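Undergrad: Using the working numbering, the letters of the sequence shown correspond one by one to residues 97 to 315. Ideal placement from N, C-alpha and C gives every residue a C-beta, glycine not left out. Because the structure is a prediction, the values reported are computed rather than measured.
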Amino acid sequence: MGREMPGAVIAAHGVGRALLAEIRNWSRQTHRHVKIVPDYYDKPYEGKRAIIRFSPGLKWTSHGGSDVALFHELVHASRSIRSVRLDVRDVPVDQDYGDQDEYLAIVLANIYLSEKTKGNTKFRPNHLSAPPGGTVLTMSSDEFSNLLYNTQGVDMSPVRLMENFRLTQRSLYDLLVRLPKDNPKFNLVKQYEERREWFLHAWCRPSVPCDTGARAAVP
Ligand SMILES: [Zn+2]
97 MGREMPGAVI AAHGVGRALL AEIRNWSRQT HRHVKIVPDY YDKPYEGKRA IIRFSPGLKW
157 TSHGGSDVAL FHELVHASRS IRSVRLDVRD VPVDQDYGDQ DEYLAIVLAN IYLSEKTKGN
217 TKFRPNHLSA PPGGTVLTMS SDEFSNLLYN TQGVDMSPVR LMENFRLTQR SLYDLLVRLP
277 KDNPKFNLVK QYEERREWFL HAWCRPSVPC DTGARAAVP
């Protein structure tokens with residue numbers, strides 16, 4: 097797909113089309129628009145818009161390409177136009193995710209990446225692209241496919257993340273749940289919805305992963 101524009105690459109995938117449909121539907125309802133501007137364009141904007149500054153020519157090699165970076169920003173925009181986006185002052189999250197909205201954007205972009213690569217890739221593990229002076233951090237497909245069991249020990253459990261997503265953005269959540277089985281390869285939203293009752297009652301803890309079948313004692 098080399099020379100294709102990132103937006104066209106996004107629209108060529110089911111996860112991407114779901115996100116674009118969400119933005120289209122809510123732009124109509126809220127009269128708020130998402131504007132993607134080249135980052136050399138610095139004229140200030142007026143009005144209710146979510147502005148994404150994007151460098152079309154930037155060669156983004158970590159975590160899947162410039163379309164993945166744009167997809168991530170579009171997740172933020174889709175929440176901004178609905179006024180459900182919160183930042184680090186509201187919902188901080190540890191393990192270098194920063195806050196709930198970065199955590200969600202990273203997980204959804206990883207789902208998109210799993211469709212694009214058929215699961216055959218390294219995933220983004222947090223909001224740092226690389227530690228200072230270090231190499232790019234990645235997460236294996238095995239780790240990503242088990243993320244719902246909080247294998248990273250994040251202080252906001254993935255169950256809470258998915259419940260908050262479901263509560264605040266049910267339309268996009270449902271579009272992702274309805275995508276075909278195994279395409280995207282790792283659809284954590286569908287996986288969560290299908291086992292939601294179980295997840296909500298499993299008392300998952302970092303020390304007691306749900307997949308062991310064990311239940312932590314009620315505190
Ligand atoms: Zn972000």
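Compute the Euclidean distance between the alpha carbons of V130 and G103, then round it to the nearest angstrom.
TA: When rounded, the distance between both Cα atoms is 13 Å.
Undergrad: Taking 7 Å as the cut-off, does the CB of H159 come closer than this to any heavy atom belonging to ligand 1?
TA: In terms of side-chain proximity, the C-beta atom of H159 is found no nearer than 7 Å to any non-hydrogen atom of ligand 1.
Undergrad: Would you identify the three-state DSSP class for R149, choosing helix, strand or coil?
TA: strand
Undergrad: Closest to M359 by CA distance: which of L275, A117, D192, S176 is it?
TA: In the structure as shown, the chain begins at 97 and stops at 315. Residue 359 is therefore absent and cannot be evaluated.
Undergrad: Tell me which residues share the same chain as H76 and place their Cβ nearer than 6 Å to its Cβ, disregarding the 5 neighbours each side in the sequence.
TA: Since the first and last residues shown for the chain are 97 and 315, residue 76 lies out of range.
Undergrad: Please give the ranges of any alpha helix (DSSP H) in the stretch 194-224, keeping only runs that are unbroken, at least 4 residues long and fully inside the region.
TA: Entirely contained in the stretch 194-224, the alpha helix (DSSP H) runs reaching 4 residues are, in chain order, 196-212.
Undergrad: So the candidates are T231, F167, E239; which of them puts its Cα closest to the Cα of E118?
TA: F167
Undergrad: Looking only at C-alpha atoms, which of S267, Q125, V255 sits nearest to W88?
TA: There is simply no residue 88 to check, as the chain begins at 97 and stops at 315 in what is shown.
Undergrad: Kindly identify the DSSP beta-bridge partner or partners of I96.
TA: The question about residue 96 has no answer here: the residues shown for the chain are numbered 97 through 315.
Undergrad: Where does V184 sit, in a helix, a strand or coil, going by DSSP?
TA: coil
Undergrad: Return the first residue and the last residue of the alpha helix (DSSP H) that T264 is part of.
TA: 254-264
Undergrad: Count the other CB atoms, across all protein chains shown, that sit within 10 Å of the CB of S236; report buried if there are 16 or more and exposed otherwise.
TA: Exposed is the call here.
Undergrad: Taking the straight line between their C-alpha atoms, what separation do you get for V171 and A201?
TA: 6 Å
Undergrad: Within this structure, are the beta carbons of L275 and A114 separated by less than 8 Å?
TA: yes
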